[in-house]
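Residue numbers (the numbering used here): 11 to 149.
We put the CB at the ideal spot given by N, CA and C, even for glycine.
Bear in mind that the values here come from a model prediction, so they are computed numbers and not experimental data.
Right, one structure below, let's go through it.
Here it is, written out as structure tokens:
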């Protein structure tokens, strides 16, 4: 059922002639997909799932994560800003308002990441429920 909604992963320059909602791969009982969107959202979740048969029902375990390259970039960026913050507080004789600029940068990075990820993950949850005719049991 899921294969009808998933296109093979390919490099897309123009996203005008989309036939499916998701792209990725299905390998046996496991799948790795992401939503095809118009425009850009670096914080779009990468969805990994495993289909399991239990007694009289089918369960699908799904994990949504940031793309690994975005995670690595954010990690290095936050460490750099955090080190700058420590340096400012160590070298400053008195704390000024400018010293809190790195904290503001970290907070904004957190907000952008969470906002972008949550919007797309909520859409993906609704899509997966519809595509698989399923219900969310546990989040």
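Same chain, Cβ closer than 6 Å to residue i, neighbours up to 5 away in sequence not counted
i	result
residue 1	Because the chain here runs from 11 to 149, residue 1 falls outside it and cannot be looked at.
residue 42	34, 35, 58
residue 112	91, 94, 95
residue 141	15
residue 80	52
Inter-residue spacing [alpha-carbon to alpha-carbon] between residue i and residue j
i	j	result
residue 66	residue 13	22 Å
residue 110	residue 102	12 Å
residue 60	residue 119	31 Å
residue 94	residue 107	15 Å
residue 71	residue 52	24 Å
residue 144	residue 89	40 Å
residue 128	residue 46	16 Å
residue 133	residue 125	13 Å
residue 68	residue 18	25 Å
residue 38	residue 63	13 Å
residue 97	residue 49	38 Å
residue 135	residue 114	31 Å
residue 147	residue 87	36 Å
Extent of the continuous beta strand (DSSP E) to which residue i belongs
i	result
residue 75	67 to 75
Outcome for residue i when other beta-carbon atoms lying within 10 angstroms are tallied against a minimum of 16
i	result
residue 82	exposed
residue 138	buried
Same chain only: Cβ atoms within 8 Å of residue i, ignoring 5 sequence neighbours per side
i	result
residue 164	In this structure the chain extends from 11 to 149, so residue 164 is not present and cannot be described.
Proximal residues to residue i (C-beta, below 7 Å), its chain only, five neighbours per side dropped
i	result
residue 31	15, 45, 46, 137
residue 100	none
Boundaries of the alpha helix (DSSP H) in which residue i is found, first to last residue
i	result
residue 118	111 to 142
What are the uninterrupted segments assigned as alpha helix (DSSP H) that are 4 or more residues long and contained completely in the segment 27 to 104, given in chain order?
-> Runs found: 78 to 101.
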